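The sequence shown begins at 781 in the working numbering and counts up by one. Don't be surprised by glycine CBs; every beta carbon is placed ideally from N, CA and C. Just so we're clear, the structure is a prediction, and the values are computed from it rather than from any experiment.
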Amino acid sequence: MTDKFLDKVYAARTEEETRAIYDDWATSYETEIAENGYATPGRCAAALAGVTKDMDAPVLDFGCGTGLSGLALKLAGFTTIDGVDLSAEMLAQARQKGVYRDTAQVTGDTVLDKGRYPSITAIGVIGSGAAPVSVLDTLMHALDAGGRLVFSFNDHALEDPVHEGRISEWTDCGAARLIFRERGDHLPGIGMKSNVYILEKA
Numbered sequence: 781m782t783d784k785f786l787d788k789v790y791a792a793r794t795e796e797e798t799r800a801i802y803d804d805w806a807t808s809y810e811t812e813i814a815e816n817g818y819a820t821p822g823r824c825a826a827a828l829a830g831v832t833k834d835m836d837a838p839v840l841d842f843g844c845g846t847g848l849s850g851l852a853l854k855l856a857g858f859t860t861i862d863g864v865d866l867s868a869e870m871l872a873q874a875r876q877k878g879v880y881r882d883t884a885q886v887t888g889d890t891v892l893d894k895g896r897y898p899s900i901t902a903i904g905v906i907g908s909g910a911a912p913v914s915v916l917d918t919l920m921h922a923l924d925a926g927g928r929l930v931f932s933f934n935d936h937a938l939e940d941p942v943h944e945g946r947i948s949e950w951t952d953c954g955a956a957r958l959i960f961r962e963r964g965d966h967l968p969g970i971g972m973k974s975n976v977y978i979l980e981k982a
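Structure representation (C-alpha cells):
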C-alpha cells in the first residue's frame, strides 16, 4: 500500500523534517495529488502569462517540487524556466520532465541573486507544513522594480492571518502592488481551495 502524505504534510515542522518528508514523497507525489485534481500550478501559470509581455524572459520556479509547476509554465508559453527546491529527490523527478534550463537544491537561508529573474513563482510553496511566510520577503527582495512574484496560499495557509498580512505589509507602504488575486480550486478532490496572487515590485 502506498503511503499517503497529504494527511501529514500540513503539520508544522523544521526544515530538516520538511526536506525528509518531501524526499520520501517524491516518487508518489504526482500520483497522489493528481488523484485530487491539483489545479493551482495551471492557475498560477495562466495568471503570470496574462501579465507577461516577454515569454522568453527567465522565470525562477522556486520550490519547484517534481516539476508540475514548471510544466504548467511551459504549457502557458514560458520558454526559459529554472527550478530550485529543498528536496534533492523532488528535483530528480523534476529534471526528468525536460522543462527546466537549470535546477539547483536550496536551503531555507539561500540568498538569491537580485534582479536575475523578472518573474519568480512560488506555487503551493508558502504555508503550513511548507515554507515559512518569510520566503515571500526573500523572493520579493530578489526582484528588481517591475519584477513580479506569483504565489498561492491554500486554505491551510489562509487560516493564519500572517500570510495575507505579509502581502499587506508590502502593499500598504507602496513597496509593491497587488495586480492579481483570484480564489479557485487547489485540490478539489479533498475540497481544498487556494488564492493565487501576483505582486509587482515598485
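Handout entry: Distance between GLY845 and LEU724 (C-alpha atoms, nearest Å)
Key = Lying outside 781 to 982, the shown extent of the chain, residue 724 is not represented and no answer is given.
Problem - Candidates VAL864, PRO912, TYR818, VAL930: closest to VAL879 by CA position - result: As a working mapping, residue 879 is identified with position 99 in the sequence shown. Nearest C-alpha to VAL879: VAL864.
Exercise for the section: Specify the secondary structure class of VAL942 as computed by DSSP and reduced to three states. Expected result: Sequence index remark: in the sequence shown, residue 942 carries index 162 (1-based). Judged by DSSP in its simplified three-state form, VAL942 adopts helix.
Practice task
Return the residue from the list ALA982, GLU962, LYS981, GLU796 that minimises the CA-CA distance to THR820.
Solution key: As a working mapping, residue 820 is identified with position 40 in the sequence shown. The residue with the shortest Cα to Cα distance from THR820 is GLU962.
Exercise for the section: Determine the DSSP secondary structure at SER908, reduced to helix, strand or coil. Expected result: Position 128 of the sequence shown holds residue 908. Here SER908 carries a coil assignment [DSSP, helix/strand/coil].
Exercise for the section: Determine the burial state of GLU980: buried for a count of at least 16 other Cβ atoms within 10 Å of its Cβ, exposed for fewer. Expected result: Position 200 of the sequence shown, counting from 1, holds the residue named residue 980. Buried.
Exercise for the section: Taking the CB atoms as reference points, tell me whether ALA825 and LEU855 lie closer together than 9 Å. Expected result: Position 45 of the sequence shown, counted from the first residue, corresponds to residue 825. Position 75 of the sequence shown, counted from the first residue, corresponds to residue 855. Yes, they are a contact pair.
Exercise for the section: Please classify ARG896: does DSSP put it in a helix, a strand, or coil? Expected result: Reading the sequence shown from its first residue, position 116 is the one you call residue 896. In the structure shown, ARG896 falls within a coil segment according to DSSP collapsed to helix, strand and coil.
Problem - Cross-strand partners of LYS981 (DSSP beta bridge) - result: Here residue 981 refers to the residue found at position 201 when the sequence shown is read from its first residue. Within the DSSP secondary-structure output, LYS981 pairs in a beta bridge with ALA956.
Problem - Within 9 Å, strictly: CB atoms of GLY843 and ILE903 - result: In the sequence shown, residue 843 corresponds to position 63, counting from 1. In the sequence shown, residue 903 corresponds to position 123, counting from 1. Yes, the Cβ-Cβ distance between GLY843 and ILE903 is below 9 Å.
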